[in-house]
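Student: For reference, the structure I am asking about is given below.
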Amino acid sequence: MGNHTRGRRETRLRRLGTIALALCAGLATAVAHADVSVIQSLPLSGSQAVTGRALNAGARLYFDWLNLNGGINGETIRLVARDDEQKIEQTVRNVRDMARVDNPVALLTVVGTANVEALMREGVLAEARLPLVGPATGASSMTTDPLVFPIKASYQQEIDKMITALVTIGVTRIGVLYQEDALGKEATTGVERTLKAHALAITAMASYPRNTANVGPAVDKLLAADVQAIFLGATAEPAAQFVRQYRARGGEAQLLGLSSIDPGILQKVAGLDAVRGYSLALVMPNPGKSVNPVIREFNRARAAVGAKDVDLSFRAVEGFVAAKVLAEAIRRAGPKPTREQVRHALTGLRDYDVGGGFTVDFTDRSRPGSHYIELGVVGPNGLVIQ
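So this is what it looks like as structure tokens:
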């Protein structure tokens, strides 16, 4: 009798143990998959790949570092990226599909003014109620959609600061290189507006086709115009090709351009000799200032994650900062956040200090989230001097 009772008790304990192990295994699986998805559609190939890869690398670095330290509210961040080659129709397809398949709480750092405008115009963001954080453009249209959260100063703010600085030192003959798309239109309109305020006008303009680096005809035209300065309303690769060809053919005008042009990329393509003296507006913390808290944090993350292949560049810093801003919104949204909760948290961000005086505030949706902007110039050693 005693043996029979003891046998049944042991059988029951084994069965309970098996159930407990199964429950633990299920719980472990649930925890392992309790992640929060964030998506990116950006150029990982094609003429703008250098920009897309840097933005992706910076964002991934921040999220990897965050996950290494426990994630957010006990949940890990899963970053899913797809290549769109900066082709508008591919961006639209990617985001529409990923919004359905990957169940993201937000979209991060889409590249291209026209690409973002297509997402707004075709209702892709509205249909999915999907917030876009840190679009990689300073176009004025970024403040017209309640689901778009730009984290950097506008192109018009950049242009005002740079062109006014030129006029102040007596430069009056200014040419413009522009891309044949929404970015180029924004740049030329912005320069025209600022010059008009100083009773001046653009001296010469030249363009190149979008998603190409075919700038040869533009070099010819602007060399012939004999201007004192040339403003580049361009993206990184074609801008670099322009600088290389223009300087190689003896062009001596002061060159300056939008924040869409990473000076590090200019140096890689055109060489330091051609890029020295190039002027730019800094709308992100300067990678050359290692004492800046954001740059220190970037370097700490890179060391902790072991991501030695992630270059410290303006675009990588932009991706890093965008990821940090989104992560703060996810944290405020609470455990298992929804898109609407993340959007609401973003809207409530007021004077959020990213670090080193770079603050983000989305409470006034008619303006970009940051007004951080300083003038810089590429110095003798290739670093940007402020």
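Note that the sequence shown covers residues -34 to -1, 1 to 352 in mature numbering (1 follows the signal peptide of the UniProt record, and there is no 0). No residue lacks a Cβ here, since even glycine has one placed at the ideal position from N, Cα and C. This structure is a prediction, so every number in the text was calculated from the model and none was measured.
Could you tell me whether the Cβ atoms of I196 and I261 are closer together than 9 Å?
Tutor: Here residue 196 refers to the residue found at position 230 of the sequence shown. Here residue 261 refers to the residue found at position 295 of the sequence shown. No.
Student: Near G348, what residues of its chain come up, given a Cβ to Cβ distance below 6 Å and the 5 sequence neighbours on each side ignored?
Tutor: As a working mapping, residue 348 is identified with position 382 in the sequence shown. These residues qualify, in order along the chain: Q233 and L238.
Student: Quick check on DSSP: helix, strand or coil for T178?
Tutor: As a first step, residue 178 must be located in the sequence shown, where it is residue number 212. Note: T178 maps to coil in three-state DSSP.
Student: Short of 8 Å in beta carbon distance, which residues of its chain neighbour E83, apart from the five on each side in sequence? Order them along the chain.
Tutor: Working through the sequence shown from its first residue, we reach residue 83 at position 117. Here the set comprises A105, S107 and A148.
Student: Which of the three DSSP states is assigned to I129 in this structure?
Tutor: Mapped onto the sequence shown, residue 129 falls at position 163. In the structure shown, I129 sits in a helix (DSSP, three-state: H, G or I).
Student: Name the one or two DSSP bridge partners that E340 has.
Tutor: On the sequence shown, position 374 is the one that residue 340 refers to. Note: E340 sits in a beta bridge opposite L248.
Student: What is the rounded straight-line gap between the Cα of M250 and the Cα of G182?
Tutor: The sequence position of residue 250 within the sequence shown is 284, counting from 1. The sequence position of residue 182 within the sequence shown is 216, counting from 1. If I take the Cα positions, the gap works out to 31 Å.
Student: Which residue's Cα is closest to the Cα of A247: D111, L21 and E340?
Tutor: For the purposes of this step, residue 247 is taken as residue 281 along the sequence shown, with counting starting at 1. Of the listed residues, the one whose Cα sits closest to A247 is E340.
Student: For L34, count neighbouring C-beta atoms within 10 Å of its own C-beta (all shown protein chains included) and say buried if the count is 16 or more, exposed if not.
Tutor: Here the question's residue 34 lines up with position 68 in the sequence shown. Answer is exposed; the Cβ neighbour count stays below 16.
Student: Please name the residue, chosen from A179, S226 and P229, that lies closest to Q211 on a Cα-to-Cα basis.
Tutor: Position 245 of the sequence shown, counting from 1, holds the residue named residue 211. The residue with the shortest Cα to Cα distance from Q211 is A179.
Student: According to DSSP, simplified to helix, strand and coil, what is P229?
Tutor: By 1-based counting over the sequence shown, the position of residue 229 is 263. P229: helix per DSSP, three-state reduction.
Student: On the CB-based measure, 16 or more other CB atoms within 10 Å of its CB, does T110 come out buried or exposed?
Tutor: Translated into positions along the sequence shown, residue 110 becomes position 144. Exposed.
Student: Short of 8 Å in beta carbon distance, which residues of its chain neighbour K118, apart from the five on each side in sequence? Order them along the chain.
Tutor: By 1-based counting over the sequence shown, the position of residue 118 is 152. Closer than 8 Å at the Cβ level, and outside the excluded window around K118, lie G100, G104, S225, V249, M250, E284, P334, G335, S336 and Y338.
Student: Do the CB positions of Q6 and Q52 come within less than 9 Å of each other?
Tutor: Within the sequence shown, residue 6 is the residue found at index 40, counting from 1. Within the sequence shown, residue 52 is the residue found at index 86, counting from 1. Contact flag unset, no.
Student: So the candidates are A170, A202, I296 and A165; which of them puts its Cα closest to the Cα of G230?
Tutor: The residue given as residue 230 occupies position 264 in the sequence shown. When each option's Cα is compared against that of G230, the closest is A202.
Student: Exposed or buried, what is I296 when buried is set at 16 or more other beta-carbons lying within 10 Å of its beta-carbon?
Tutor: On the sequence shown, residue 296 is found 330 positions in, with the first residue counted as 1. I296 comes out buried.
Student: Could you give the first and the last residue of the continuous beta strand (DSSP E) run that contains L143?
Tutor: What you label residue 143 is simply residue 177 of the sequence shown in a count that begins at 1. It spans I140 to Q145 - the beta strand (DSSP E) in which L143 sits, taken as one unbroken run.
Student: Just checking, does the segment 112 to 126 make contact with the segment 80 to 99 on the three C-beta pairs under 8 Å criterion?
Tutor: Contact holds: three or more Cβ-Cβ distances are below 8 Å.
Student: Can A236 and R215 be called in contact, C-beta distance under 9 Å?
Tutor: Counting from one through the sequence shown, the residue named residue 236 turns up at place 270. Counting from one through the sequence shown, the residue named residue 215 turns up at place 249. The answer is no: Cβ separation not under 9 Å.
Student: Please classify T304: is it buried, with 16 or more other beta-carbons within 10 angstroms of its beta-carbon, or exposed?
Tutor: By one-based count along the sequence shown, residue 304 stands at place 338. With fewer than 16 Cβ atoms within 10 Å of its Cβ, T304 is classed as exposed.
Student: Of the choices T42, R19, I135 and P9, whose alpha-carbon is the least far from that of K302?
Tutor: For this step, residue 302 is matched to residue 336 along the sequence shown. For K302, the nearest C-alpha among the options comes from T42.
Student: To the nearest angstrom, how far is the alpha carbon of residue 357 from that of I125?
Tutor: The structure shown does not extend to residue 357, since the chain is modelled only from -34 to 352, so the question has no answer here.
Student: Kindly indicate which three-state DSSP category E218 falls into: helix, strand or coil?
Tutor: Here residue 218 corresponds to residue number 252 of the sequence shown, with the count starting at 1. Coil at E218, not helix or strand.
Student: Quick one: grab the DSSP three-state call for A273.
Tutor: Counting from 1 along the sequence shown, the entry for residue 273 is found at position 307. Here A273 sits in coil by DSSP.
Student: Assuming D239 is part of the beta strand (DSSP E), what are its boundary residues?
Tutor: Walking along the sequence shown from the start, residue 239 turns up at place 273. Segment L238 to V241 is the alpha helix (DSSP H) holding D239; no beta strand (DSSP E) there.
Student: Assign A23 to buried or exposed, taking buried as 16 or more other Cβ atoms, counted over all protein chains shown, within 10 Å of its Cβ.
Tutor: Translated into the one-based positions of the sequence shown, residue 23 becomes position 57. A23 is buried by the Cβ-count criterion.
Student: State yes or no: is the C-beta of V308 within less than 9 Å of the C-beta of A72?
Tutor: Numbered from 1 along the sequence shown, position 342 holds the residue referred to as residue 308. Numbered from 1 along the sequence shown, position 106 holds the residue referred to as residue 72. The answer is yes: Cβ separation under 9 Å.
Student: What are the start and end residues of the beta strand (DSSP E) that includes G321?
Tutor: Counting from one through the sequence shown, the residue named residue 321 turns up at place 355. Per DSSP, G321 belongs to the beta strand (DSSP E) from Y318 to G321.
Student: Since F324 is in the beta strand (DSSP E), which residue starts that stretch and which ends it?
Tutor: As a first step, residue 324 must be located in the sequence shown, where it is residue number 358. First-last of the beta strand (DSSP E) with F324: F324 to V326.
Student: Going straight from the alpha carbon of V76 to that of A102, what length do you get?
Tutor: If you number the sequence shown from 1, residue 76 lands on position 110. If you number the sequence shown from 1, residue 102 lands on position 136. V76 and A102: Cα-Cα distance of roughly 6 Å.
Student: Is it right to say S279 is buried, meaning 16 or more other beta carbons lie within 10 angstroms of its own, or is it exposed?
Tutor: What you label residue 279 is simply residue 313 of the sequence shown in a count that begins at 1. Buried: at least 16 other Cβ atoms inside 10 Å.
Student: Assuming N69 and S173 make a contact with CB atoms under 8 Å, what is their CB distance in whole Å?
Tutor: Numbered from its first residue, the sequence shown carries residue 69 at position 103. Numbered from its first residue, the sequence shown carries residue 173 at position 207. Rounded, the Cβ-Cβ distance is 41 Å, inconsistent with contact.
Student: Rounded to the nearest angstrom, what separates E88 and M171 at their Cα positions?
Tutor: For the purposes of this step, residue 88 is identified with residue 122 of the sequence shown, where counting begins at 1. For the purposes of this step, residue 171 is identified with residue 205 of the sequence shown, where counting begins at 1. About 31 Å.
Student: Would T313 and T325 be called neighbours here (beta carbons separated by less than 9 Å)?
Tutor: Numbered from 1 along the sequence shown, position 347 holds the residue referred to as residue 313. Numbered from 1 along the sequence shown, position 359 holds the residue referred to as residue 325. No, the pair does not count as a contact, with Cβ atoms beyond the cut-off.
Student: Suppose contacts are defined by Cβ-Cβ distances below 9 Å. Is G254 in contact with V137 by that definition?
Tutor: On the sequence shown, position 288 is the one that residue 254 refers to. On the sequence shown, position 171 is the one that residue 137 refers to. No. Outside cutoff.
Student: Quick test of your reading: A47 and L8, contact by CB under 8 Å. State the CB separation rounded to the nearest angstrom.
Tutor: In the sequence shown, residue 47 corresponds to position 81, counting from 1. In the sequence shown, residue 8 corresponds to position 42, counting from 1. Rounded, the Cβ-Cβ distance is 7 Å, consistent with contact.
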